[in-house]
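Step one of this worksheet: look at the structure below.
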Amino acid sequence: DTHPLQVLALLANRYAQMMKLDGRGVRSAADAVALLGGKEFTARKVLEQYQRLGSSGVARAMSHLAAADVDLRGGKEWPDVLVMEVLVGRLCQLVPARGGRVTSRRASS
């Protein structure tokens, strides 16, 4: 099993990569690779997510991650799984809904 703090660290690292793009005028995957290093696929995904969230969304995400870190270390008397579920819910709310796509769940309702 993966410990919740390990998952939190993975998420925090990804959002930290987005913060590195903030205010740098990065427009392409090549620009993102130049700034972040690593593989183009990963840099492109980080850039796409940053473009969806924007600067304020990334800042809010980092705030949610910091709160979850405190909570996992005893800040709240919640089970770790609940802390992580709340974190994921909060992070998902930051991403604007993509319009026009019908999912199979909605189509069958």
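With the working numbering, letter number 80 in the sequence shown gets 80, and the count goes up by one each step, no holes.
Beta carbons are placed, not taken as given, at the ideal position from N, Cα and C, and that holds for glycine.
Remember, it's a predicted structure, so these values are computed and weren't measured experimentally.
Just how far apart, CA to CA, sit residue 1 and residue 7?
-> 11 Å
Curious, which full-length alpha helix (DSSP H) runs of at least 4 residues does the region 33-71 contain?
-> 40-70
Among the residues of its own chain, which have a CB less than 7 Å from the CB of residue 17, if the five just before and after it don't count?
-> 36, 46
My understanding is that residue 15 touches residue 62, with C-beta atoms under 8 Å, so please give their C-beta distance in whole angstroms.
-> 6 Å
Alpha carbon to alpha carbon, what distance is there between residue 88 and residue 31?
-> 29 Å
Can we say the region 69-83 touches the region 46-58, given the rule of at least three CB pairs closer than 8 Å?
-> no
Supposed contact pair residue 11 and residue 94 - C-beta distance, whole angstroms, cut 8 Å | Actually they do not touch by this definition, with Cβ atoms about 12 Å apart.
Buried/exposed call for residue 9, threshold 16 Cβ in 10 Å = exposed
Collapsed DSSP secondary structure at residue 20 in the structure displayed | helix
When you compare each of 3, 4, 19, 5 to residue 60 by their alpha carbons, which one comes out closest?
-> 19
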